[in-house]
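Contents: one structure, followed by commentary.
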Amino acid sequence: MQITDEQIDSAQSIAEIAELVSNCQRCSLYETKTMDVVGVGSDAAEIFFIGEAPGKKEDLEGEPFIGAAGKFLNELLSTIGLERKDIYIANVLKHRPPNNRDPKPSEAEICWPYLRRQIELINPTLIIFLGRHAMNRFFPELKISEAHGNEFTKQMWGRDQTFLALYHPAAAMYNGSLRETLKGDFARIPEIIKTIKTN
Ligand code: URA
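Okay, so the sequence shown: first residue is 35 according to the working numbering, each after it adds one.
Structure below.
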């Protein structure tokens, strides 16, 4: 039986989404996955981070951002006084593309209802894109080299939703200048949250 958009839209908890993902055959990635990587963090998180897709370690352990890029993300979070338990984090894709290839547009499209429902359930103040794949899901016209460090607002889920675009930690961690840029963009997060809350 194929999982339908309607089933995903009517999920009432992250656990229900996880159950659907575990039975998902909407694209072919289930054939090569080891584990589902649905998302992790606080159900009451103010910040929802979106990455690209599970890598090798994430596929083996079932949790997003636990490899080298995840360690760098943890370091960045600590610079603004946050820990993983304070945020929510998920990917555009819930299953790993073989050999870490880029997500195909068709896979991102097919997987989108899961991410959309996760966001609706968490109801975050700020959504942060980690890299272009996450950003282009919402803003296909933007380029990460121009958009990084900037906020964007769009009517979604019946309200104004604010987004911040950042470079992907994996792209920035071994590149001195991108690393500094990402740190600088990250430092803006507390001020952005404050502004949204006072408006
Ligand atoms: N990169 C991502 O985009 N997501 C992960 O979960 C791990 C690495």
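Just so you know, even glycine gets a beta-carbon here, dropped at the ideal spot from N, CA and C. Keep in mind that this is a model prediction, so the values were computed, not measured.
- [ ] Have a look at arginine 222 and threonine 232 and give me their C-alpha separation to the nearest angstrom.
- [x] Working through the sequence shown from its first residue, we reach residue 222 at position 188. Working through the sequence shown from its first residue, we reach residue 232 at position 198. It is roughly 16 Å from the alpha-carbon of arginine 222 to the alpha-carbon of threonine 232.
- [ ] Check whether the Cβ of alanine 206 sits closer than 7 Å to any heavy atom of the ligand URA, and report yes or no.
- [x] Translated into the one-based positions of the sequence shown, residue 206 becomes position 172. Not one heavy atom of the ligand URA sits closer than 7 Å to the Cβ of alanine 206.
- [ ] Please confirm whether any heavy atom of the ligand URA lies closer than 7 Å to the CB of leucine 164.
- [x] Locating residue 164 in the sequence shown gives position 130, counting from the first residue. Annotation for leucine 164 indicates a beta carbon within 7 Å of some heavy atom of the ligand URA.
Open item on the list: Rounded to the nearest angstrom, what separates tyrosine 201 and arginine 171 at their Cα positions?
Closed with: Taking the sequence shown and counting its residues from 1, one reaches residue 201 at position 167. Taking the sequence shown and counting its residues from 1, one reaches residue 171 at position 137. Rounded to the nearest whole angstrom, the CA to CA distance from tyrosine 201 to arginine 171 is 15 Å.
- [ ] Use the C-beta contact count for alanine 219: other C-beta atoms within 10 angstroms, 16 or more gives buried, fewer gives exposed.
- [x] Here the question's residue 219 lines up with position 185 in the sequence shown. In the sequence under discussion, the amino acid at residue 219 is aspartate, which differs from the alanine named in the question. Residue environment analysis places aspartate 219 among the buried positions, since at least 16 neighbouring C-beta atoms fall within 10 angstroms of its C-beta.
- [ ] Could you check which residue in Asp77, Glu53 and Val71 has the C-alpha nearest to that of isoleucine 153?
- [x] The residue given as residue 153 occupies position 119 in the sequence shown. By alpha-carbon distance to isoleucine 153, the top candidate from Asp77, Glu53 and Val71 is Asp77.
Open item on the list: Is phenylalanine 172 a contact residue of the ligand URA, with contact defined as CB to any heavy atom under 7 Å?
Closed with: Translated into the one-based positions of the sequence shown, residue 172 becomes position 138. For the ligand URA, not one heavy atom lies less than 7 Å from the Cβ of phenylalanine 172.
TODO: Alpha carbon to alpha carbon, how far is tryptophan 146 from glutamate 117? Give it in angstroms, no decimals.
DONE: Taking the first residue of the sequence shown as 1, we reach residue 117 at position 83. Taking the first residue of the sequence shown as 1, we reach residue 146 at position 112. Straight-line measurement puts the Cα of tryptophan 146 at about 26 Å from the Cα of glutamate 117.
TODO: State the CB to CB distance for the pair histidine 182 and glutamate 86, rounded to an integer number of angstroms; the pair is presumed to be in contact (CB under 8 Å).
DONE: Numbered from 1 along the sequence shown, position 148 holds the residue referred to as residue 182. Numbered from 1 along the sequence shown, position 52 holds the residue referred to as residue 86. Actually they are not in contact, since the Cβ atoms of histidine 182 and glutamate 86 sit about 15 Å apart, beyond 8 Å.
- [ ] Enumerate in chain order the residues of its own chain whose CB-to-CB distance from lysine 67 is below 7 Å, with the five nearest sequence positions on each side excluded.
- [x] Stepping through the sequence shown from its first residue, residue 67 is reached at position 33. If the five residues before and after lysine 67 are omitted, its C-beta is found closer than 7 Å to the C-beta atoms of Asp93, His129 and Arg130, all from its own chain and listed in chain order.
- [ ] Give the DSSP-derived three-state secondary structure of leucine 176 in the structure shown.
- [x] By 1-based counting over the sequence shown, the position of residue 176 is 142. The answer is coil: DSSP assigns leucine 176 none of H, G, I, E or B.
Task: Inter-residue Cα distance where the pair is lysine 91 and serine 44 - done: Mapped onto the sequence shown, residue 91 falls at position 57. Mapped onto the sequence shown, residue 44 falls at position 10. For lysine 91 and serine 44, the distance between alpha carbons rounds to 31 Å.
Open item on the list: Between threonine 196 and chain B, is any beta-carbon pair separated by less than 8 Å?
Closed with: Within the model displayed, chain B is absent; a lone protein chain is all it includes.
Task: Contact test: glycine 89 Cβ vs the ligand URA heavy atom, cutoff 7 Å - done: Translated into positions along the sequence shown, residue 89 becomes position 55. Within 7 Å of the C-beta of glycine 89 there is at least one heavy atom belonging to the ligand URA.
Open item on the list: Rounded to the nearest angstrom, what separates valine 74 and proline 98 at their Cα positions?
Closed with: Here the question's residue 74 lines up with position 40 in the sequence shown. Here the question's residue 98 lines up with position 64 in the sequence shown. Looking at the backbone, the Cα of valine 74 and that of proline 98 are separated by about 7 Å.
Task: Opening and closing residue of the alpha helix (DSSP H) in which isoleucine 226 lies - done: Within the sequence shown, numbered from 1, the residue matching residue 226 stands at position 192. Per DSSP, isoleucine 226 belongs to the alpha helix (DSSP H) from 223-232.
Open item on the list: Here's the rule I'm using: 16 or more other beta-carbon atoms within 10 Å means buried, otherwise exposed. How should asparagine 209 be labelled?
Closed with: Counted from its first residue, the sequence shown places residue 209 at position 175. Its Cβ having fewer than 16 others within 10 Å, asparagine 209 is exposed.
Task: For arginine 193, three-class secondary structure by DSSP - done: Counted from its first residue, the sequence shown places residue 193 at position 159. Arginine 193 falls in the strand class under three-state DSSP.
Task: Boundaries of the alpha helix (DSSP H) in which alanine 142 is found, first to last residue - done: Working through the sequence shown from its first residue, we reach residue 142 at position 108. First-last of the alpha helix (DSSP H) with alanine 142: 139-156.
Open item on the list: Under 8 Å: do the stretch 182-193 and the stretch 97-115 share three or more Cβ pairs, one atom per stretch?
Closed with: With a cut-off of 8 Å on Cβ pairs, the stretch 182-193 is not in contact with the stretch 97-115, counting fewer than three such pairs.
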